[in-house]
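Right, one structure below, let's go through it.
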Amino acid sequence: MISRRDFLQATVAASAIYGASGVGNWAKLAAQQALTQDDLLKFDTFGNVTLIHVTDIHAQMVPIYFREPEINLGVGEAKGKPPHVTGEDFLRMFNIKPGTPEAYALTYLDFVALAKAYGRMGGLDRVATVVNAIRADRPDALLLDGGDTWHGSYTCLKTNGQDMVNVMNALKPDAMTFHWEFTLGSERVREIVEGLPFPAMGQNIFDKEWNEPSEDFADYEIFERGGAKIAVIGQAFPYMPIANPGWMFPEYSFGIHDERMQEIVDEVRAEGADLVVVLSHNGFDVDRKMASQVKGIDVILTGHTHDALPEPVLVGETILIASGSNGKFVSRVDLDVRDGRMMGFRHKLIPIFSDVIEPDKDVAAAIEAERAPYKDELAEVLGETDSLLYRRGNFNGTWDDLICNALIEEREADIALSPGFRWGPSLLPGQKITREDLFNATSMTYPNAYRSEMTGETLKVILEDVADNLFNPDPYYQQGGDMVRVGGMGYRIDITKPQGERLSDLTLLKTGEPIAPEKTYVVAGWASVREGTEGPAIWDVVENYIKRKGTVHVDPNQSVKVVGA
């Protein structure tokens, strides 16, 4: 007799073969030299339950360019597994032809040329069109927002997240969870949550003083859809006080809390839940491990690591769905839920090609209303780039190289450090750099650019600590973003080594001399999690640099040598 896991594995395989997930379909459309909205939305309705997933929008309300990572290394059991596959390897794994719309949407290959051919992606008015089309087909579909929504743009910063709250409310989500939202400060988060017309979730958000689940956020919600009871459990980013300033939300603690997650799963099953969905901001590898530790979860809608996968990943009897970032994709998951269990599914990662999908007029008007008061500031041209500016990847991206160059020159430093953030759209060579573009790469509530002295020993300790947050073989110790970006210094990193032994050959680039452990260097950086950090806002530093240069150029960064990949 076939096991349920074997059946689900066969469902994943069938999705790949028959195109239920959309793989192969975009390539056929490209061969016909046409993409249409109907083609992108085409879906063979399945089962009785539909989930719609968006995540990591980072306040990007209008269409953008976003280059997917060139380097996304997996370690331990995740090595070589999705999402740690990029470029040509990604195309081969998912049977995608180079040069097609899906190759453009899902990889970095020929990004500039394909971006010029296929245009920008995203735009919440286009996302609304897709959501509305799915709801027209399945009126009781659940729209679930994986968080990192009220952060990441000029208008979001200026309105304390209210612009995104208003526009997302127009899409009518059914639930959401959190990460960067908490950098608005806990009082502001509670103020927004109290006014939301849907539950804000996080079973792992605790009252820090009492070490008890916080009463400010729901653990879960049970929805009745398609004749089935669907439990949606929230899982906020577990490492908030490590990756972000804990002083902004001092009354809360977070964490994985597998034991409590298991208790919640058992609780909702006892309440009659036929389907258990975790709306997560853990990050993909953390979710992969959680799926192996906690029994009874049917679907994990992943977030945080910005991965976009055209096929689900099966862990035991749990499917993991990765829906990208910045509004580039919407995932639709149809499920056959019968007799208290998931019997099968059909999935499609829908690309939001903004030149193809018609904007929803109501949401377009809502976006315009939020942007109108800042129209002149958003459009102000600061300079131009003759280089492709992008951020996403395990090591330095050109946006952060630009920021590091600005820190070194404007702050008169030897070395610059820029956090390994994953958010921030891309700019093509020849594009004007506007204030909006700058804030898309720097917008945050703790932007001070510090200037301090550090010994070579301290620099190595910092880099080793960040590297362990990324390359620890146990996903539960992967507690940050990508590797801290470094300007003015090169190094060699062996990702297979243990903490404290990964980095070597630290070199001061301007002299070619080794970084001496006992020597002191002037270091400039930004986004320190320490309270009271002093210095100008990072956007002011970079604006001054761009205006002084007029046209910025970023040379390929070859200062980091990676071993063990």
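If you use the numbering used here, the sequence shown closes out at 565, no skipped numbers anywhere.
Just so it is clear, CB atoms sit at the ideal spot from N, CA and C, and this is done for glycine as well.
First and last residue of the uninterrupted alpha helix (DSSP H) at residue i
i: Phe439; result: 435-442
i: Lys567; result: With the chain covering only 1 through 565, there is no way to say anything about residue 567.
i: Ala136; result: 124-137
i: Val541; result: 538-549
i: Leu389; result: It is not in any alpha helix (DSSP H) - Leu389 carries neither H nor E in the DSSP assignment.
Nearest neighbour of residue i, chosen from the options [CA to CA]
i: Leu320; options: Pro98, Ser292, Gly272; result: Ser292
i: Thr398; options: Leu196, Gln558, Arg188; result: Gln558
i: Ile233; options: Gln262, Asp163, Phe439, Arg188; result: Gln262
i: Gln60; options: Phe421, Asn244, Asp163, Gly283; result: Asp163
i: Gly420; options: Trp526, Gly272, Pro82; result: Trp526
i: Glu209; options: Ser253, Arg135, Asp401; result: Ser253
i: Met290; options: Ala115, Gln235, Tyr108, Ile403; result: Gln235
i: Glu311; options: Pro83, Ile57, Tyr545, Gly550; result: Pro83
i: Gly481; options: Asp360, Gly123, Ala308, Phe284; result: Phe284
i: Val484; options: Thr183, Thr511, Glu543, Arg422; result: Arg422
i: Ala537; options: Glu410, Ser325, Tyr521; result: Glu410
i: Ile222; options: Asp207, Thr36, Ile264; result: Ile264
i: Ser331; options: Thr55, Thr45, Gly47; result: Thr55
i: Leu279; options: Thr100, Ala117, Asn160, Thr177; result: Thr177
i: Val554; options: Glu267, Glu380, Gly430; result: Gly430
i: Val189; options: Leu91, Gly161, Met240, Ala34; result: Gly161
i: Leu335; options: Asp38, Ser528, Ala34, Leu51; result: Leu51
i: Val127; options: Val277, Ala364, Gly564; result: Ala364
i: Pro173; options: Thr159, Asp140, Arg260, Glu187; result: Asp140
i: Gly344; options: Asn48, Phe90, Met444; result: Asn48
Segment limits, beta strand (DSSP E) that includes residue i
i: Glu377; result: It is not in any beta strand (DSSP E) - Glu377 instead sits in the alpha helix (DSSP H) that spans 375-379.
i: Ser153; result: Where Ser153 is concerned, there is no enclosing beta strand (DSSP E), given that its DSSP letter is neither H nor E.
i: Val330; result: 329-338
i: Met454; result: 449-455
i: Met343; result: 341-351
i: Thr507; result: 503-508
i: Ile300; result: 299-302
i: Ser280; result: 275-280
Opposing strand residues paired with residue i [DSSP bridges]
i: Glu464; result: Partner(s): none; Glu464 has no beta bridge.
i: Tyr220; result: Ile233
i: Pro82; result: Looking at the DSSP assignment, Pro82 forms no beta bridge with any residue, so it has no partner.
i: Tyr491; result: Val560
i: Phe206; result: Pro213, Ser253
i: Arg225; result: Ala228
i: Tyr476; result: BP columns for Tyr476 are empty, so no partner.
i: Val315; result: Thr318
i: Glu259; result: Answer is none; Glu259 lacks a bridge partner.
Separation of residue j from residue i, as counted between CA atoms
i: Met248; j: Leu144; result: 26 Å
i: Ile357; j: Leu506; result: 48 Å
i: Gly340; j: Glu271; result: 11 Å
i: Pro197; j: Ile300; result: 23 Å
i: Leu508; j: Ala218; result: 50 Å
i: Gly572; j: Ile493; result: Any question about residue 572 goes unanswered here, given that the chain covers just 1 to 565.
i: Phe66; j: Asp298; result: 31 Å
i: Lys348; j: Ala228; result: 22 Å
i: Lys28; j: Tyr104; result: Interpretation of Lys28 is limited by its pLDDT of 49, a score under 50 that renders its predicted location unreliable; no figure is taken from the coordinates.
i: Ala200; j: Ala441; result: 27 Å
i: Phe206; j: Val112; result: 45 Å
i: Val562; j: His306; result: 22 Å
i: Val23; j: Lys97; result: Caution is warranted here: a pLDDT of 46 is assigned to Val23, below 50, making its placement in the model unreliable, and the coordinate value is therefore given only provisionally. Each residue's Cα considered, the two are about 10 Å apart.
i: Pro425; j: Pro473; result: 29 Å
i: Tyr18; j: Thr36; result: Reliability fails at Tyr18, whose pLDDT of 36 lies under 50, so the model's placement of it is uncertain and the value that follows must be treated cautiously. The straight-line gap from Cα to Cα measures roughly 20 Å.
i: Val523; j: Ala117; result: 41 Å
i: Leu382; j: Val552; result: 11 Å
i: Gly99; j: Glu88; result: 11 Å
i: Leu470; j: Gly255; result: 17 Å
i: Leu41; j: Val130; result: 7 Å
i: Val294; j: Leu91; result: 32 Å
i: Val286; j: Ala78; result: 10 Å
Beta carbon of residue i nearer than 8 Å to that of residue j
i: Trp150; j: Glu181; result: yes
i: Asn448; j: Thr533; result: yes
i: Met489; j: Ile462; result: no
i: Pro475; j: Arg288; result: yes
i: Tyr374; j: Tyr154; result: yes
i: Asn132; j: Asp360; result: yes
i: Leu428; j: Ala115; result: yes
i: Pro351; j: Pro69; result: no
i: Gly512; j: Ala416; result: no
i: Asp465; j: Tyr477; result: no
i: Thr302; j: Asn282; result: yes
i: Ala366; j: Val167; result: yes
i: His53; j: Ser354; result: no
Residue i at chain C interface by Cβ criterion, 8 Å
i: Leu506; result: In summary, chain C is missing from the structure at hand, where a single protein chain is found.
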